[in-house]
Amino acid sequence: MDFDFTDEQRDIKSTAHEFLASRYKPEHVRELAESDSPYSDEDWKAISELGWPGIAIAEEHGGEGLGTVELVILQEELGYFCAPSPFIANALAGAAIEAAGSDEQKGKWLPGIASGEARGSAEMTCDPDPILGAAKGASILVMANGNGAKLVEPEEAELERIDMIDSTRAYFRVKAEGGEDMPGDIARAGSVGQIAMAAELVGIAQRALDIAVEYAKERQQFGRPIGAYQAVSHRLAEMLWAVEEARSLTYSAAWAADSDPELVPIAASMAKARASDAGTSVTHDAIQTLGGIGFTWEHDVHFFLKRARASAQMLGTARAHRDNVATLVGLS
Amino acid sequence: MDLTLTESEQEFRDEFRAWIEGNHPGKAPRGGDQVQFEFEREWQRKLHDAGWAGVSWPKEYGGRGATLIEQSIFGEELARAKAPRPANVLGLVMGGPVVIAHGTEPQKERFLEPILSAEEIWCQGFSEPESGSDLASLKTKAVKEDGGWRITGQKVWTTFAHEAKWCMLVARSDSEAPKHKGLTYFLMDMDQDEIEVRPLRQITGEAEFNELFIENAWVPDENVVGGEGNGWMVAITTLMNERAGLGASAALGLANSLDELVELAKERGMASDPIVRDKVARLKIGIEGLRMGALRALTSTMKVGTPGPEGSIAKLQWSSTNQALTELALEIGGPEMLAKDSDWAYRFLRSRANSIEGGTTDVLKNIVAERVLSLPKLR
């Protein structure tokens, strides 16, 4: 029993943290979020040079051959910096093709997805219409098709950009009649996507907590830092509780995805449900702790609130995942 | 990262699991009375004879020297088998470890073996009517005399006081010193007329706890632990022992209860009720969150000596989940769940103490705020 990162995983985490801290400084995130397109080609190139897009893709298809735990490490750090990046859409497409694609489909698309040179994009919700992240500029789209998934080339699809309150990611409503079915079972990729999204929410929530704690130590009212008052400090303690519980469930689900397939369906649902709630409640509470300044456009915390809300509603809401958990514990 | 057991951890688990299967005494009688206590004492003797009583204790003191993960497995296996608790639980998890950490050689020789064998039961005299969360404000007085100390004061929430031979008692030995500095840790012989034990009836109707009225009781010098004036430091160790490593087995206890709750919901035709489903799923998520957090904390403690932030929330997770679980059982079961002989009614009432005993939820949030988040203190 060793519920901790290996030295190699720890290195990935600290490298990612340092890289993202210098690449996605708050002013850069703001600039991207306020622009027409939140993604920068330069940033994607830098991320691709680190090998991140192929982190969990097999070496035979040009990836790093690592696992869901490593993917989760990167996604948590990307969430921590609210990094505007097509990373998760690309990772989801890679996981889907790797899980369900034919050998030919894998050979055709995975190397580009792994190198970052020919990005993929995947469906993040089908309610009410399919919404894909980062679909524009992608070389291949993965969309639900009954119980499975199909591959759609961009020229076969009609893309409509949706302006969501979360402007740190680009979302597209996609219509596509045609496409090519993938023969395999997509379920595992769905779970990996949910776990990765849970990790992003853990990162977002951790950052919102850090912002709130820092502010509570500095902001003085009635002659004391507000963090000395229990009305504030107990809320911050509850925020830490939410973050840590979501983190424990997310890491254990990531481990299960790599090492214990039977556990994955319930572990992924538990992680996504808990992390969705943690992401939304902690960002709400961060704004409450910040008071008026937290409600201004000028402060960065609203980007985290909006990203958390969007991520909570993609790949299954907390409510839907809890319904799945209820079934899996025997209520049926 | 590897959440499976190592080969030696598996061997440990298999050995203990097989032992329990062959030696399970059945369900303990309830009621907190003599019958229940003797049942639990017999169970501990059985554990001790097979070398399973002081699992966490070092081998040189009659224990098994188990790793933290093994201790956690031990607790999980007990919970899985729904085995009774051993009678001398306070001696095993608090008294023994304190004597091992702070006791003199003669104290180790005198006290440890009878704890393991349940020959001498231990109780804890910390809380007082006016000193609960603010333990260091306690007023029970220790006055120095030739060869020992005279103790006078009142203690409350003392479990097993009727059966106990020894009381872990913290008293004020220096009224001039600052409040944390003037305390001393004593092992007080309960077998003296100067101590009156009165059962404290609780909201379940039974009396798990007692009040102690102490009037000039005697403690010889050789029963001071950790030296005069060091009582706070020694007491903190016992409290840490009370909390360390309980998360995973506590989660298994909750998982057992959740299984029963799921059965209850099905019996009552509520398996497809969306609100019941949502609440059950929240409980499952809370239980697994506790278990996984506990395993993270154990790994961290084994590697670097202390748990990470996840360790600070285990008690909060456990108490809130157990309370929500028993509340849901009453909600699903309807009025008949409130019958006095209903097990769920008992568990509901007992769970109200979960957010008070062993550190209140309110104080634990202060601790998270101050020690984990480094927020300024109000005091």
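Protein chains in written order, with this note's numbering: chain A, 1 to 332; chain B, 1001 to 1379. We treat Cβ as the ideally placed atom computed from N, Cα and C, and that holds for glycine. Treat the numbers as computed from the prediction; the structure is a model and nothing was measured.
Cα separation between B/A1053 and B/S1257? Spanning the two alpha carbons is a distance of roughly 25 angstroms.
Under a CB-based cut-off of 7 angstroms, is A/G79 close to chain B? With respect to chain B, the C-beta atom of A/G79 has no partner C-beta closer than 7 angstroms.
A/T6: CB within 6 angstroms of a non-hydrogen atom of the ligand ADP: By its list of ligands, the structure shown contains no ligand whatsoever, and the ligand ADP lies outside what it can speak to.
Rounded to whole angstroms, what's the CA-CA distance from A/A99 to A/H299? Just pull it up for me. Distance between the alpha carbons of A/A99 and A/H299: 41 angstroms.
Could you work out which residue in B/E1267, B/F1012, B/D1014, B/R1045 is closest to B/N1088 when comparing CA atoms only? Comparing Cα-Cα distances from B/N1088 to each of B/E1267, B/F1012, B/D1014, B/R1045, the minimum goes to B/R1045.
What residues in its chain sit with their C-beta under 7 angstroms from that of A/L16, if we drop five residues either side in the sequence? Correcting the residue type first, residue 16 of chain A is Ala in the shown sequence and not Leu. Scanning its chain for C-beta atoms nearer than 7 angstroms, with the 5 sequence neighbours on each side dropped, one finds around A/A16 the residues I73, L74, E77, in chain order.
Could one say the Cβ of B/T1299 lies closer than 7 angstroms to chain A's Cβ atoms, at least one of them? Yes, B/T1299 lies at the interface with chain A (some Cβ there is under 7 angstroms from its Cβ).
Inspect the CB distances between the region 141-150 of chain A and the region 175-189 of chain A and report whether three or more fall short of 8 angstroms. With the cut-off at 8 angstroms, the region 141-150 of chain A and the region 175-189 of chain A touch.
Where A/K217 meets chain B, residues with beta-carbon distance less than 8 angstroms: Chain B residues near A/K217: S1374, L1375, P1376.
Spell out whether any CB of chain A is found under 7 angstroms from the CB atom of B/K1284. Among the CB atoms of chain A, one or more fall inside 7 angstroms of the CB of B/K1284.
CB-CB under 7 angstroms to B/I1073, same chain, minus the five flanking residues each way: which ones, in chain order? Answer for B/I1073: E1009, F1012, R1013, listed in chain order.
Could you tell me whether the Cβ atoms of A/L209 and A/V282 are closer together than 7 angstroms? Against a cut-off of 7 angstroms, the Cβ pair of A/V282 and A/L209 comes out as a contact.
Please state whether the Cβ-Cβ distance between B/L1047 and B/P1086 is less than 7 angstroms. A contact, by the Cβ cut-off of 7 angstroms.
CA nearest to the CA of A/E155, picked from A/S139, A/T68, A/R161: Scanning A/S139, A/T68, A/R161 for the CA closest to the CA of A/E155 turns up A/S139.
Would you please state the rounded distance, in angstroms, between the beta carbons of B/T1067 and B/M1302? I believe it to be under 8 angstroms. The C-beta separation of B/T1067 from B/M1302 comes to about 7 angstroms, placing the pair in contact by the 8 angstroms criterion.
Within the region 1038-1090 of chain B, note down every full alpha helix (DSSP H) run reaching 4 residues or more, in order along the chain. Listed in chain order, the complete alpha helix (DSSP H) runs (minimum 4 residues) inside the region 1038-1090 of chain B are 1068-1080.
Would a C-beta distance cut-off of 7 angstroms place A/A95 and A/G120 closer than the cut-off? Not closer than 7 angstroms, so no.
Enclosing alpha helix (DSSP H) for A/I88 [first to last residue]: 87-100 is the span of the alpha helix (DSSP H), which, as asked, contains A/I88.
Would you mind sorting B/L1338 into buried or exposed? The rule is 16 or more other CB atoms within 10 Å of its CB. It is exposed - the Cβ of B/L1338 has fewer than 16 other Cβ atoms within 10 Å.
At the level of alpha carbons, what is the spacing between B/S1249 and B/S1272? C-alpha separation (whole angstroms): 30 angstroms.
Backbone secondary structure at A/D411 - three-state DSSP: Lying outside 1 to 332, the shown extent of chain A, residue 411 of chain A is not represented and no answer is given.
Going by beta carbon distance, what residues of the same chain come within less than 6 angstroms of B/G1311, once the five residues before and after it are set aside? Same-chain partners within the cutoff: A1297.
For B/S1127, I'd like the list of residues in its chain whose CB is within less than 6 angstroms of its CB, leaving aside the five on either flank, ordered along the chain. In its chain, beyond the 5 residues on either side, V1156, W1157 have a beta carbon closer than 6 angstroms to the beta carbon of B/S1127.
Distance CB(B/L1254)-CB(B/I1285) smaller than 7 angstroms: No, these two residues do not count as a Cβ contact at 7 angstroms.
Any chain E beta carbon closer than 7 angstroms to B/K1315: Structure shown: chain E not included; protein chains present are A and B.
Proximity test, Cβ basis, 7 angstroms: B/L1288 and chain A: It should be noted that the sequence gives Glu, not Leu, for residue 1288 of chain B. Yes, contact with chain A.
Apart from the five residues on each side of it in sequence, which residues of its chain come closer than 6 angstroms, Cβ to Cβ, to A/S48? For A/S48, the CB contacts under 6 angstroms within the same chain, skipping 5 residues up- and downstream, are G116 in chain order.
In the DSSP assignment, the alpha helix (DSSP H) including B/A1185 goes from what residue to what residue? Sequence inspection shows Tyr at residue 1185 of chain B; the Ala mentioned does not correspond to that position. Not the alpha helix (DSSP H): B/Y1185 falls in the beta strand (DSSP E), residues 1183-1189.
Let me confirm a value: A/E64 is counted as buried when at least 16 other C-beta atoms fall within 10 Å, else exposed. Which label applies? Answer is buried; the Cβ neighbour count reaches 16.
Where the alpha helix (DSSP H) containing A/I73 begins and where it ends: DSSP places A/I73 inside the alpha helix (DSSP H), whose first and last residues are 68-80.
A/A149 - containing beta strand (DSSP E), residue span: DSSP places A/A149 inside the beta strand (DSSP E), whose first and last residues are 148-152.
B/L1295 and A/F3 closer than 7 angstroms at C-beta: Result yes, Cβ atoms of B/L1295 and A/F3 sit closer than 7 angstroms.
CB-CB under 6 angstroms to B/D1146, same chain, minus the five flanking residues each way: which ones, in chain order? Within the same chain, no residue comes within 6 angstroms of B/D1146 by CB-CB distance, once the 5 residues on both sides are set aside.
Does A/H302 get closer than 7 angstroms to chain B when you measure Cβ to Cβ? Chain B, which has no Cβ nearer than 7 angstroms to the Cβ of A/H302, makes this no.
Paired residues, beta bridge with A/Y171 - DSSP: Its beta-bridge partners are A/G133, A/I162.
Is it buried or exposed, A/Q288, if we count other Cβ atoms within 10 angstroms and call 16 or more buried? It counts as exposed.
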